[in-house]
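Below you'll find the structure, written out as structure tokens, and then a few comments.
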Amino acid sequence: MKASSRTLAALLGGTAFSAIAAQPALAQTAQDNVDISSPQQTEQPTIVVTGSRIQGAKVDDVLPVTVVGEELIDAVDPASGDELFRAIPQAGSVNFNEQSTAGGVNGARGDIASINLRGLGTGNTLMLINGRRMVLNPGFQTELFVPVVSPDTNTIVPGSIRRVEVLRDGASAVYGADAVAGVVNTILRGGRTGGFLQANYRASDGTGLYSFAATGGYGFDFADGRGNLTINAHYFHENGLSASARDYSRSSDLRPFLEGTDFEGDTQFDNRSINSPWGAFDIQGSRASSSSTTVLRDDDFHLQPCSLFGASGQPSDGRFIDLGNGICADNGGTIDRDLRYDLQGDRQLYSEKDRYNVQALLSYELSDAAELYFEGSFYRSEFYRQREQNTMLSAVPIGIEASAYWNPLGPTTLADGSPNPNRADNGLGSGVGPEGRALLMEDYRFVDFGPRQGFVDKDVWRGVLGLRGNFGAWDYDTGFLYSQANTTDLTKNRVSSTLLQDAINRTDATAYNPFNGGCFPDEPGTGANNNDCTPNPESVLDTARIDVFRKGETTLALWDFKVSNSNVLELPAGGVGIAAGVEFRRETFEDDRDPRLDGTITFTNAVNGDFFGSDVAGSSPSPDTSGNREVYSAFAEALVPLVSDEMGIPLINSLEVQLAARFEDFSDSTSAFVPRAAVAWRPFNDLLLRGAWSEGFRAPNLIQINDEGTTRSNSVLRAVECVAEIIAGIEDDVPDCGTVGTIDFRSGARNLEPEETESINLGAVLTPSFIPGLTLTADYWRVKQDGIIGIFGNGNALLLDLVLRSQGTFNPAVVRDDPDQDQIDLYAGTGILAAGDVVQILNPYRNLDQRTSEGLDFGLFYEFGTGFGDFDIQLNAARLLGFEQQAGPDALPLFTELTPFLESIPELSVGDVAALQPTGFGELLEIDGRPKWRVTGSLTWEKGPVRFNVFGRYIDSFFDDSAQQNDTAELFPVDDWFTMNMSISYSIENDTPLDGTRFRFGINNIFNEDPPIADESFGYYGSIHSARGRQFSFDIRKEF
């Protein structure tokens, strides 16, 4: 089913349910914040709203805080922390997700999800549990070319949450580093007396995907009510779903979905891989391209069925070698499109997973002025995922010696003197002598090994021991936190480059044969396969098959001491509240790679002697990395009332100011001091105007600082060569140029400085007294970030090299060989300095660019009662106004000189010029997962034992920058998406054994809306949309 094209206006304009997933903190009192889902709750401590450390102070008017309570969580019906946090409209793309295929073993894998408020990037949002930091996930991955880290939101169980508070403003002055985009504080359930058991089963319509969850909790008072212990436990299982279960993810070729659009037939959407069982090879030695060597007259050749030649296939120019068994060697190093490998046959959309979670919350009153408390939790996830077998890195070929048994250009006789049955009996010239020719295998997928099997286990411990209370008018809270996360990422059925090379180069029939092709198309010219119908024997495969592991650990140790007084000084307008505190934290991380990844066991090409630091075929080397840091910080905060209603000043019903500042000193980076100022002005009782200004910072993460050098192999556009070849008439346009494998060397830097930010927030809150229960909110925000940590990027480095070579110089970060005579001839007369082959691109992490983002938040909240029941209608909308990434000095020539140079070349079309532009800079609004609008809404109706919920979520359209229309240079539009959930529950309250039982039935994504098509791995943006489709959910809960 194609995603709905309902517009935002339709959502806002009048459906029966208009609503949201969040409640404004300003509309809540301490009484409202108590868990009312069960009557068996003890008295809650004084509320401290996220964004302030002053206990008991009414600062929620000043702050743009969104609160997601239990009733709204029930409306969302999330099965995981990820699904819950995605329902917050201010949350951007979830870049740590199980649909991500980027990075392979070098990515963050397993049952993981990240948080990304405002879309400012992973790592810019501070995650708290009960007001204290969460430990970071051990795995990290690359975003915008740099490693980023995040807590794992899936470690938070929705059933254990009392509420989630989202501060939609920079808060570094109060909470420290990472609170650039805001703060998400999860408040856990505690203080329970009695227990509950709950079971949930949900299934996706039309597929075999299902999940089961069991949750329980029990709490009791002791010591005459002075203490309470609450224990919660949770288990979750999901069985997984194959990519073939959905039509949009069934094939890597998405062209059938583009019929009738401007992109119809566009090969950019054919994402099948050129790496298949039909390999590509390079003939070594002198005059390899000469007709005296082979009839190919090319040093490169690929394999294909001979049936693709002839009347029913492609025309033949006679430049092929018949290898027998219906397989031919054709000239050129790229296989035909019909033989491309379809990756989706072995992939999973959703993985099989199990989650286990146990929590304990203890409180004990030592006296009327002191309370001891403890929070402890353990989380474990077990994750299994299948994906396609790997291929080779384009820059790391495997050497095939002339004597290799299956080499079709091998010697005339074998080592025992017998005739070589595998040497081609046609198409070889005198250049292939009796001793044969060595080859390089440049493209090949090891399909006969079977799919890769990934297992990721994660354990997370968290413990907090604290003391809180008061001495006189002062409240205090001190505590020690320790949390540790461990992951073991094990991939079975990988291939060792060294062992495979040894297996290929055996001189008898026990050798691995890469020349036997894959499956033959049923008819000439039909689609490619995703199997290998001529596999090597298992006994041969086992000699090159390996398991690869990656182990990670992160720890967080934290001690803090905070004091506050909500009325330290009485002013005419009221009491001045202050808070102050100190904090020490120590963070560590360790990333332990398999010896075949970390440089212990390396690969050396048997033919040309090239060395590569990784022996795992298809994976770049990554050294073991570790690091730690200590952070000392101190903060102070004041809430000062300047005017109150009693003072009788016209148009100033109330006026108050919040001032805060924080100093942090890092053991591995520079120190930072950041202030914050906020003001709330109520001209009359029904209207509140508020504003805030703050500075913030984000320290370089431990990976960015401690990375001593990571090598990555990536394929990028041959920008310099491409322009020269188009001028020379060798290629027609940029898409025909293809890519080249490059070695990218990235390294950290101890002199990296924290990223600095400046945030502005202006808002209004209207609570009209003539409509009781109605609240309207509107906020404008802007965040300016300076010194964003990043690398220049391979593509941008090559484009800069193109600009500089048009001026007679070159980019020193692009290390090249000296040009040979053919290359010198190619560039003659082009105005471009001749360029040799790329050897390496240097990409150190640096404080580079500047980013400015801004937007609007709107809220509508309306509660009212009628004779037909009580209603709660809510709406929350986020409008992104701009997201501009400004280039640093190094990139300026790409904006001032690149386009004029390209437009001066008559052979380049408009599409070519557009395809040769830098990436990641300029106005990125509506680009790559940054839609203008995100809206959520909910309607709750309750009467007696019956509750009815409706929840809706809208994501505006945006553009996919990975696909560009050749003629117009327009990006591919990703449609907007609207989904709706509905549930009804019935609670039994009587004197029978069913007393305290609730039955709930729900349907998520009622209209079974498919995610919009995009040029992505599974045909849609997994970081934004969902492929679960319509889900039926049944839930039973028993209180006792």
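Counting in my numbering, the sequence shown runs from 22 upward without gaps.
Positions of the beta carbon are idealized from the N, C-alpha and C atoms, including for glycine.
None of the values given here were measured: they were computed from a predicted structure.
Closest Cα partner of residue i within the set the options
| i | options | result |
| --- | --- | --- |
| SER635 | ASN491, ARG733, LEU660, ARG1051 | ARG733 |
| ASP321 | ALA301, LEU329, THR314, GLY943 | ALA301 |
| ARG361 | LYS479, ASP389, THR288 | THR288 |
| SER1006 | GLY1043, ILE1057, ALA984, GLY958 | ILE1057 |
| LEU896 | GLU611, LEU795, LEU821 | LEU795 |
| PHE979 | PHE993, PHE969, THR989, GLN985 | PHE993 |
| CYS890 | LEU821, GLU752, LYS964, GLN938 | Checking the displayed sequence, the identity of residue 890 turns out to be Gly instead of Cys. If we check each option's Cα against that of GLY890, LYS964 comes out closest. |
| PHE492 | VAL744, GLY140, SER388 | SER388 |
| SER560 | GLN325, LEU577, ALA530, LEU825 | ALA530 |
| ASP933 | ALA350, PRO914, ILE748, LYS583 | ILE748 |
| GLY306 | ILE421, GLY1050, TYR400 | ILE421 |
| ASP924 | VAL744, ALA594, ALA720 | One point to set straight first is that residue 924 is Glu, not Asp, in the sequence displayed. Closest by alpha carbon: VAL744. |
| ASN221 | GLU677, LYS583, SER232, LEU901 | SER232 |
Environment of residue i [buried if 16+ CB atoms lie within 10 Å]
| i | result |
| --- | --- |
| PRO418 | buried |
| GLN806 | buried |
| GLY353 | exposed |
| ARG697 | buried |
| SER758 | Checking the displayed sequence, the identity of residue 758 turns out to be Cys instead of Ser. By the neighbour-count rule (16 or more Cβ atoms within 10 Å), CYS758 is buried. |
| LEU1015 | exposed |
| ASP1012 | exposed |
| ALA1048 | buried |
| PHE624 | buried |
| SER587 | buried |
| PHE621 | Phe is not the amino acid found at residue 621; the sequence shown has Thr there. THR621 is exposed by the Cβ-count criterion. |
| GLN828 | exposed |
| TYR1042 | buried |
| GLN842 | exposed |
| PRO662 | buried |
| LEU592 | exposed |
For residue i, the first and last residue of its enclosing alpha helix (DSSP H)
| i | result |
| --- | --- |
| ASN727 | 723 to 727 |
| ASP822 | 815 to 826 |
| GLN842 | 842 to 848 |
| ALA740 | 740 to 748 |
| THR920 | 919 to 924 |
| LEU562 | 559 to 562 |
| LEU105 | 102 to 107 |
Own chain residues within Cβ distance below 7 Å of residue i, not counting five before or after
| i | result |
| --- | --- |
| PHE470 | GLN410, ASN514, VAL516, LEU562, ARG566 |
| GLU544 | With a pLDDT of 47 at GLU544, under the threshold of 50, the modelled position of this residue cannot be trusted; read the value that follows with caution. Excluding positions up to five away in sequence, the list is empty. |
| ILE1045 | SER114, GLY950, ILE976 |
| LEU382 | LEU209, GLY211, THR251, GLU396 |
| VAL664 | ALA594, ILE670, ILE673, SER675, LEU676 |
Neighbourhood of residue i by C-beta, 6 Å cutoff - its chain only, sequence neighbours within 5 removed
| i | result |
| --- | --- |
| MET1003 | VAL971, ILE1024, ILE1027 |
| GLY102 | THR174, ASN175, ILE177 |
| GLN871 | ASP807, GLN907 |
| VAL485 | GLU396, GLY500, LEU502 |
Same chain, Cβ closer than 8 Å to residue i, neighbours up to 5 away in sequence not counted
| i | result |
| --- | --- |
| ASN552 | GLY366, VAL468, GLY539, CYS540 |
| THR760 | SER415, SER736, VAL737, LEU738, ARG739 |
| ILE2 | In the structure as shown, the chain begins at 22 and stops at 1061. Residue 2 is therefore absent and cannot be evaluated. |
| GLY286 | ARG276, LEU279 |
Enclosing beta strand (DSSP E) for residue i [first to last residue]
| i | result |
| --- | --- |
| ASN514 | 495 to 516 |
| ASN378 | 373 to 388 |
| VAL995 | 992 to 995 |
| ARG614 | 595 to 614 |
| ILE295 | That residue, ILE295, is in no beta strand (DSSP E); it is neither H nor E in DSSP. |
| ASP464 | 460 to 464 |
| VAL86 | 86 to 90 |
| VAL934 | Unbroken run through VAL934 is the alpha helix (DSSP H), 931 to 936; no beta strand (DSSP E). |
beta-carbon residue i near the ligand PLP non-hydrogen atom, thresh 7 Å
| i | result |
| --- | --- |
| GLN844 | This structure lacks the ligand PLP, and indeed carries no ligand of any kind. |
Complete beta strand (DSSP E) runs within the stretch 639 to 708 (minimum length 3 residues, chain order): 646 to 664, 675 to 687, 693 to 705
Runs of beta strand (DSSP E) lying entirely within the stretch 114 to 194, each at least 3 residues, in chain order: 146 to 150, 162 to 164, 167 to 169, 182 to 188
Every unbroken beta strand (DSSP E) within the stretch 189 to 251, with a cutoff of 3 residues, ordered by chain: 203 to 209, 215 to 225, 231 to 243
Contiguous beta strand (DSSP E) assignments of at least 3 residues, all confined to the stretch 858 to 918: 859 to 865, 867 to 887, 890 to 907
Length at least 4, wholly inside the stretch 983 to 1040: the alpha helix (DSSP H) runs in chain order: Within the stretch 983 to 1040, no alpha helix (DSSP H) run of at least 4 residues lies entirely inside it.
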